[in-house]
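What follows is a set of notes on a single structure, which appears directly below.
Residue numbers (the working numbering): 90 to 235.
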């Protein structure tokens, strides 16, 4: 079931503009950053219940995706981390394709596998990891049943 509700833009103007470009173009524009692919994650706000749209680096393997809560190596998790822990159902747009997914936080060997895939897709994640004492959370998205 697709997420429904009122959209409330986040506090980062650059992310808001990129999310708007991805959506308004049907996924044909705004889907790359510095030559690397970007996807658009739509989640429900943990406290507000409003739709939140976040462009994130594309990490995909055999139809599953991962989203990495790096926040550039900041000591705190990004706001959307809390959205996914409170409401694991999300929508992900990869280019023109939008699908519903269920997220789960991965740990241990599974996290290590996805972390390696994430660093391969976006090498700056390795730099972000060195900037913070926290383990950067990785969520895996599995397509939701219709």
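Idealized CB from N, CA, C, for every residue including glycine.
| Query | Result |
| --- | --- |
| Cβ contact (3+ pairs, closer than 8 Å) linking the stretch 104-118 and the stretch 157-176 | no |
| At least three beta-carbon pairs within less than 8 Å, the stretch 177-194 to the stretch 203-222 | no |
| Boundaries of the beta strand (DSSP E) in which residue 137 is found, first to last residue | Counting along the chain, residue 137 falls outside any beta strand (DSSP E), and DSSP gives it neither H nor E. |
| Distance, residue 234 Cα to residue 144 Cα | 24 Å |
| Beta-ladder partner(s) of residue 154, from DSSP | 149, 230 |
| Closest Cα partner of residue 150 within the set 218, 207, 191 | 207 |
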